[in-house]
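Everything on this sheet refers to the single structure shown next.
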Amino acid sequence: MLFRVFEYSKNQHEAKLIFEHIISEIQNSIISKEYKKIEPYWKVEGIHIVEVLIKLDKSFNKNQHEEFLRSISDKWISYGDPVNEIIASETTEGCNYIKKDVSMINIFY
Numbered sequence: 109m110l111f112r113v114f115e116y117s118k119n120q121h122e123a124k125l126i127f128e129h130i131i132s133e134i135q136n137s138i139i140s141k142e143y144k145k146i147e148p149y150w151k152v153e154g155i156h157i158v159e160v161l162i163k164l165d166k167s168f169n170k171n172q173h174e175e176f177l178r179s180i181s182d183k184w185i186s187y188g189d190p191v192n193e194i195i196a197s198e199t200t201e202g203c204n205y206i207k208k209d210v211s212m213i214n215i216f217y
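The numbering of the sequence shown is my numbering, which starts it at 109 and goes up by one.
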């Protein structure tokens, strides 16, 4: 999975810490994690884009996946058939909760 997260952060170090907090619930299922990008978002000051490629253990199941997504946001939009991308954003209609310091998150499968 490729994670692309738009985070409210002051610098790259803080952005990485925020991302680590986002994935803390699935830490035991992660086989590999590769940071592809951590950089300021050119459109909005105070936001960094963090892109990370994560491989999960085969035992990570659908219920664990859904629980993980609910820990990040209560509203996700899916794209593709079968689904190959999901997005949660603080500006999505019906979003009542998104994890602290997250503006938007895309997950690509």
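Idealized CB from N, CA, C, for every residue including glycine.
Owing to the predicted nature of the structure, the values given are computational and were not obtained by experimental measurement.
{"Query": "Touch test, the segment 115-131 against the segment 157-173, Cβ-Cβ under 8 Å, three pairs minimum", "Result": "yes"}
{"Query": "Host beta strand (DSSP E) of K208 (start-end)", "Result": "Taken as a continuous stretch (DSSP letters only), K208 belongs to no beta strand (DSSP E), as it is neither H nor E."}
{"Query": "Cβ neighbour criterion (16 or more within 10 Å) applied to D209", "Result": "buried"}
{"Query": "8 Å Cβ shell around Q172 - same chain, five flanking residues per side excluded", "Result": "I134 and S137"}
{"Query": "Exposure of I139, with buried meaning 16 or more beta-carbon neighbours within 10 Å", "Result": "exposed"}
{"Query": "For P148, the nearest candidate out of F176, S186, N119 and I130 (CA to CA)", "Result": "N119"}
{"Query": "Residue of Y143, S181 and E175 minimising C-alpha distance to I195", "Result": "S181"}
{"Query": "7 Å CB neighbourhood of T200 in its chain, flanking five on each side removed", "Result": "K183 and I185"}
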